[in-house]
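Undergrad: Got a structure for you, questions after.
Number of protein chains: 2
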Amino acid sequence: MNATIKDVAREANVSIATVSRVLNNSAVVTDETKQRVLDAIKKTGYKPNALARSLKIQKTHTIGVVIPDISSTFYPEVVRGVEDVANMYDYNIFLCNTDQDENKEMNYIEILREKQIDGLIFMGNIIRDTIMEVFMSMKAPVVLAGTQDKELKLPNVNIDNKKAAYDAVKYLTSLGHKKIGMITGPKTDPIGGMLRLEGYKEALKKAKIRYKSELVVEGNFKVKQAYLSMLKLLEQKVDAVFAASDEMAVAAINAIFDSGLKVPDDIHVVGFDNTYLSYMFRPTITTIQQPAYDIGAISMRLMIKILSKKPIDELHVVLPHHLIIRESTGYEEEKK
Amino acid sequence: MNATIKDVAREANVSIATVSRVLNNSAVVTDETKQRVLDAIKKTGYKPNALARSLKIQKTHTIGVVIPDISSTFYPEVVRGVEDVANMYDYNIFLCNTDQDENKEMNYIEILREKQIDGLIFMGNIIRDTIMEVFMSMKAPVVLAGTQDKELKLPNVNIDNKKAAYDAVKYLTSLGHKKIGMITGPKTDPIGGMLRLEGYKEALKKAKIRYKSELVVEGNFKVKQAYLSMLKLLEQKVDAVFAASDEMAVAAINAIFDSGLKVPDDIHVVGFDNTYLSYMFRPTITTIQQPAYDIGAISMRLMIKILSKKPIDELHVVLPHHLIIRESTGYEEEKK
DNA sequence: TTGTAGGCGTTATCAG
DNA sequence: CTGATAACGCCTACAA
Numbered sequence: 001m002n003a004t005i006k007d008v009a010r011e012a013n014v015s016i017a018t019v020s021r022v023l024n025n026s027a028v029v030t031d032e033t034k035q036r037v038l039d040a041i042k043k044t045g046y047k048p049n050a051l052a053r054s055l056k057i058q059k060t061h062t063i064g065v066v067i068p069d070i071s072s073t074f075y076p077e078v079v080r081g082v083e084d085v086a087n088m089y090d091y092n093i094f095l096c097n098t099d100q101d102e103n104k105e106m107n108y109i110e111i112l113r114e115k116q117i118d119g120l121i122f123m124g125n126i127i128r129d130t131i132m133e134v135f136m137s138m139k140a141p142v143v144l145a146g147t148q149d150k151e152l153k154l155p156n157v158n159i160d161n162k163k164a165a166y167d168a169v170k171y172l173t174s175l176g177h178k179k180i181g182m183i184t185g186p187k188t189d190p191i192g193g194m195l196r197l198e199g200y201k202e203a204l205k206k207a208k209i210r211y212k213s214e215l216v217v218e219g220n221f222k223v224k225q226a227y228l229s230m231l232k233l234l235e236q237k238v239d240a241v242f243a244a245s246d247e248m249a250v251a252a253i254n255a256i257f258d259s260g261l262k263v264p265d266d267i268h269v270v271g272f273d274n275t276y277l278s279y280m281f282r283p284t285i286t287t288i289q290q291p292a293y294d295i296g297a298i299s300m301r302l303m304i305k306i307l308s309k310k311p312i313d314e315l316h317v318v319l320p321h322h323l324i325i326r327e328s329t330g331y332e333e334e335k336k
Numbered sequence: 001m002n003a004t005i006k007d008v009a010r011e012a013n014v015s016i017a018t019v020s021r022v023l024n025n026s027a028v029v030t031d032e033t034k035q036r037v038l039d040a041i042k043k044t045g046y047k048p049n050a051l052a053r054s055l056k057i058q059k060t061h062t063i064g065v066v067i068p069d070i071s072s073t074f075y076p077e078v079v080r081g082v083e084d085v086a087n088m089y090d091y092n093i094f095l096c097n098t099d100q101d102e103n104k105e106m107n108y109i110e111i112l113r114e115k116q117i118d119g120l121i122f123m124g125n126i127i128r129d130t131i132m133e134v135f136m137s138m139k140a141p142v143v144l145a146g147t148q149d150k151e152l153k154l155p156n157v158n159i160d161n162k163k164a165a166y167d168a169v170k171y172l173t174s175l176g177h178k179k180i181g182m183i184t185g186p187k188t189d190p191i192g193g194m195l196r197l198e199g200y201k202e203a204l205k206k207a208k209i210r211y212k213s214e215l216v217v218e219g220n221f222k223v224k225q226a227y228l229s230m231l232k233l234l235e236q237k238v239d240a241v242f243a244a245s246d247e248m249a250v251a252a253i254n255a256i257f258d259s260g261l262k263v264p265d266d267i268h269v270v271g272f273d274n275t276y277l278s279y280m281f282r283p284t285i286t287t288i289q290q291p292a293y294d295i296g297a298i299s300m301r302l303m304i305k306i307l308s309k310k311p312i313d314e315l316h317v318v319l320p321h322h323l324i325i326r327e328s329t330g331y332e333e334e335k336k
């Protein structure tokens, strides 16, 4: 059995209150008794029980992190960002993978509430109404990372996805391309399916290119689907493609390559996310950099602020994105 | 304020004991009162407080997962494995990134103990003596995933790293290569630095090739270092290279390529881990598949068994590895 | 400066 | 079958 505060008290010949005091230096204790307590702690090998403490003070210093899938490309970075900042402020994180499954999401949120998390950082492309309801009724604050709810009621940190897509496609038009295809995320996804598509359309409009629906195919962020999507676009004889993720861009390039064409010689490709795939893959891929780590870190920072009830200047943080130009659009990189 | 068991009791006109009973159906309760309680729960929106419960029953249904870095290639998969199984058995996981830093490791383990985790799954190339000491003195069981302690005191799940390296290099010798280089992990790493090197040596011996120390360079699993290491090996005019990780293999290939040579035409390369880099990268990379997901999943399964005090047939699980032959050693893959 | 005692929200042991 | 009540380990007025 682990030693408790009682054991320490007995050992040091003081009351448990005194022990508690030196533990939290919440009040002045004589140097002498303090030392006795410290000795007793060492002697008994006492470790405070965070459960009991949390129960009493109504804080767990724990936050829940709900993500689609830690084994995908984007999320590990953001979780790392969350965790680093959390650690900095002595918070621990519960990690939950949902696969964007509604039941799992619900279930986890329920459990996290029961475990009395102090806050929740949520990721996932879509915020369902049912989930939104729970969020609004929770006492623990919620921060959305890399997503947003329709009405922007919840604090969130994101990039400007529409503008980012706009920048990507604009670059393509600036290169003189007229027939630009796009592989989007699922239609139901407000970000990868909608905002980025809007950016694409706007860039076309700006370049006075008429939008054609047959040049847009819906992907699901998976390699296989994207590969097939690209095959369809090839039938349309596109001369450039904007994919809503790097993974889909890679799949697209492989499809192009396997069809006997070359990137960037015959077709230009732009991805999204700047996952390390985009620079490890050859040709290296022009892409939009989303600051994954920062999205996580800033989300957690925002959470800390909310938890400490500090005044918050802005509940919706928009982080900068960058277009990174690489070989897949014909840029010659200098060798290291 | 959240409703507590008391509120429910009052609402249903029963004692808190009865409420607790229906909550856990730990004893028979009349259907009628049961219904009253259920109604009261719904009405009050009561959620049990897991903290209080855990404090009482001395179990948190939470396990700590300590890993080097969730944003690296290998660990996300294994964490996913852990989490899936944990979820299956209603456990939650605390995620902790250590960067293999001793202080961080110590610190996290301390905190996890205070938070009363039921078990700990630990990853990291090296098990320091100081850490080992803590492990032995903890009441929560520890499982090592993808690592092992020198004396094999702790339960662990791994592949046979020596045999795996042996298989990789043997394949290279079977291809007729005589001058085979190796980029290892850090020397202090018992697995990536030692076991895999041993396997390399043994395969050479088996092929009656004399071991030359100048053909072995120490890497640190990072891209940059490996790139430079490969440059050194090129001076030795190796005709094949075995890298202790895929990332290092990719770096090696890039170095070879940037030096004006080609893979597999001029030099063959074998990696380790079968991260998705190895099949997304072109040329695709021959590698050893380590079942990352399974390592995580089985570790957690082992943990569950230990926690439920079931008889355990084997405390050291060895999972199968596979040599996956791809383009980097001259294999012509069929196109999808 | 230190000690006493009540309570955080549960579960579990007794009686009844 | 149900209700008091004592823990679980800690914090914190309130007293002394």
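Top to bottom, those sequences are chains Y and B.
Counting from 1, one number per residue, gives the positions in the first sequence under UniProt numbering.
Counting from 1, one number per residue, gives the positions in the second sequence under UniProt numbering.
Quick reminder that beta carbons are idealized off the backbone N, C-alpha and C, glycines included.
(1) Go to Gly260(B), then tell me how far its alpha helix (DSSP H) extends in each direction, as first and last residue.
(2) Under 8 Å between beta-carbons, which chain B residues line up against Asp69(Y)? List them in chain order, please.
(3) Mapping the DSSP letters down to three states, classify Asn220(B) as helix, strand or coil.
(4) Is Thr60(B) close to chain Y? Criterion is C-beta to C-beta, closer than 9 Å.
(5) By the three-class DSSP mapping on this structure, what secondary structure does Val270(B) have?
(6) Determine, for Ile285(Y), whether the minimum Cβ-Cβ distance to residues of chain B falls below 9 Å.
(7) Asp189(B): which of Lys201(B), Met123(B) and Ser174(B) sits nearest, CA to CA?
(8) In the region 229-259 of chain Y, which residues sit with their C-beta less than 7 Å from some C-beta in chain B, listed in chain order?
(9) From this set, Gln116(Y), Lys150(Y), Val8(Y) and Gly146(Y), which residue's C-alpha is nearest Met132(Y)'s C-alpha?
(10) So which residues on chain Y does Ile5(B) lean against when the C-beta distance must stay under 7 Å?
(11) May I ask you to verify whether the region 99-111 of chain Y touches the region 94-105 of chain B, counting CB pairs closer than 8 Å and requiring at least 3?
(12) At least one CB of chain Y closer than 9 Å to the CB of Lys139(B): is that the case?
(13) Would Gln116(B) pass as an interface residue toward chain Y - the criterion being a Cβ-Cβ separation below 9 Å?
(14) Would you say Lys42(Y) lies against chain B (beta-carbon separation less than 9 Å)?
(15) Please state the DSSP three-state secondary structure of Ile180(Y).
(16) Of all Cβ atoms in chain Y, is any one closer than 9 Å to the Cβ of Lys47(B)?
(17) Need the endpoints of the alpha helix (DSSP H) that Phe135(B) sits in, please.
(18) Please confirm whether Pro48(Y) and Glu214(B) have their CB atoms less than 9 Å apart.
(19) Going by alpha carbons, who is nearest to Val223(B) out of Gly185(B), Ile63(B), Gln116(B) and Pro155(B)?
(20) Quick one: using the 10 Å Cβ neighbour count with 16 as the cut-off for buried, is residue 365(Y) buried or exposed?
(21) Check whether the region 310-323 of chain B and the region 281-294 of chain B touch, using three or more Cβ-Cβ pairs below 8 Å as the test.
(22) Can you name the residues of chain B whose CB is closer than 7 Å to the CB of Glu11(Y)?
(23) Assuming Phe94(B) contacts Val65(B) under a Cβ cut-off of 8 Å, what Cβ separation, rounded to an integer in Å, is found between them?
(24) Taking 9 Å as the CB-CB limit, is Arg282(B) close to chain Y?
(25) When you compare only the Cα positions, how much space is there between Ser174(Y) and Ala168(Y)?
(26) If we call anything under 9 Å between Cβ atoms a contact, is Val157(Y) one with Ile298(Y)?
(27) With 16 other CB atoms within 10 Å as the buried threshold, where does Ala251(Y) fall?
(28) Looking at the secondary structure, which residues open and close the alpha helix (DSSP H) in which Gln35(B) lies?
(29) What did DSSP end up calling Asn103(Y) once you bin it into helix, strand or coil?
(30) By the three-class DSSP mapping on this structure, what secondary structure does Asn97(B) have?
(31) State yes or no: is the beta carbon of Lys335(Y) nearer than 9 Å to at least one beta carbon in chain B?
(32) Is the region 198-206 of chain B close to the region 224-239 of chain B, with three or more CB pairs under 8 Å?
(33) What residue range does the alpha helix (DSSP H) around Gly81(B) cover?
(34) Leaving aside the five residues before and after Lys170(Y) along the sequence, list all residues of the same chain whose C-beta is less than 8 Å from its C-beta, in chain order.
(35) Quick check on DSSP: helix, strand or coil for Val14(Y)?
(36) Taking Cβ positions only, does Ser26(Y) come closer than 9 Å to chain B?
TA: Walking through what the data contain:
(1) Membership of Gly260(B) in any alpha helix (DSSP H) is not indicated, and neither H nor E is assigned to it by DSSP.
(2) Chain B residues near Asp69(Y): Arg80.
(3) DSSP places Asn220(B) in coil when its eight states are reduced to three.
(4) So, interface residue.
(5) In the structure shown, Val270(B) sits in a strand (DSSP, three-state: E or B).
(6) With 9 Å as the cut-off, Ile285(Y) does not count as an interface residue toward chain B.
(7) Asp189(B) has its Cα closest to that of Met123(B), out of Lys201(B), Met123(B) and Ser174(B).
(8) Result list: Val250 and Asp258.
(9) Minimum Cα distance to Met132(Y) is reached at Lys150(Y).
(10) Per Cβ cutoff of 7 Å: no residues; Ile5(B) is ~13 Å from chain Y at best.
(11) No: the two stretches stay apart, fewer than three of their Cβ pairs being nearer than 8 Å.
(12) Among the residues facing chain Y, Lys139(B) is included, as its CB has a counterpart in that chain under 9 Å away.
(13) Yes - at least one Cβ of chain Y is within 9 Å of the one on Gln116(B).
(14) Answer no: the Cβ-Cβ gap between Lys42(Y) and chain B never drops below 9 Å.
(15) Here Ile180(Y) carries a strand assignment [DSSP, helix/strand/coil].
(16) With respect to chain Y, the C-beta atom of Lys47(B) has a partner C-beta closer than 9 Å.
(17) Where Phe135(B) is concerned, the enclosing alpha helix (DSSP H) stretches over Asp129 to Ser137.
(18) Not in contact: Pro48(Y) and Glu214(B) (Cβ atoms no closer than 9 Å).
(19) Selected option, being the one with the closest Cα: Gly185(B).
(20) Nothing can be reported for residue 365(Y): it is not among the residues displayed for chain Y, which extend from 1 to 336.
(21) Between the region 310-323 of chain B and the region 281-294 of chain B, the count of C-beta pairs closer than 8 Å reaches three or more; the two stretches touch.
(22) The premise fails here: Glu11(Y) is roughly 19 Å from chain B at the closest Cβ pair, so nothing lies under 7 Å.
(23) With a contact defined as Cβ atoms closer than 8 Å, Phe94(B) and Val65(B) qualify at about 7 Å.
(24) At least one chain Y Cβ lies under 9 Å of Arg282(B).
(25) For Ser174(Y) and Ala168(Y), the gap between their C-alpha atoms comes out near 10 Å.
(26) The answer is yes: Cβ separation under 9 Å.
(27) With 16 or more other Cβ atoms inside 10 Å of its own Cβ, Ala251(Y) counts as buried.
(28) Run containing Gln35(B): Asp31 to Thr44, per the alpha helix (DSSP H) assignment.
(29) If DSSP states are grouped into helix, strand and coil, Asn103(Y) belongs with the helices.
(30) In the three-state scheme derived from DSSP, where H, G and I count as helix and E and B as strand, Asn97(B) is classed as strand.
(31) Only weak support is given to the placement of Lys335(Y): the predicted model assigns it a pLDDT of 39, under 50, and the question is left unresolved by the model.
(32) The region 198-206 of chain B is not in contact with the region 224-239 of chain B.
(33) Counting along the chain, the alpha helix (DSSP H) containing Gly81(B) begins and ends at Tyr75 to Met88.
(34) Exclusion of the five residues before and after Lys170(Y) leaves Ala203, Lys206 and Ala207 as the residues of its chain whose Cβ lies within less than 8 Å of its Cβ.
(35) DSSP places Val14(Y) in coil when its eight states are reduced to three.
(36) Output row for Ser26(Y): interface = no.
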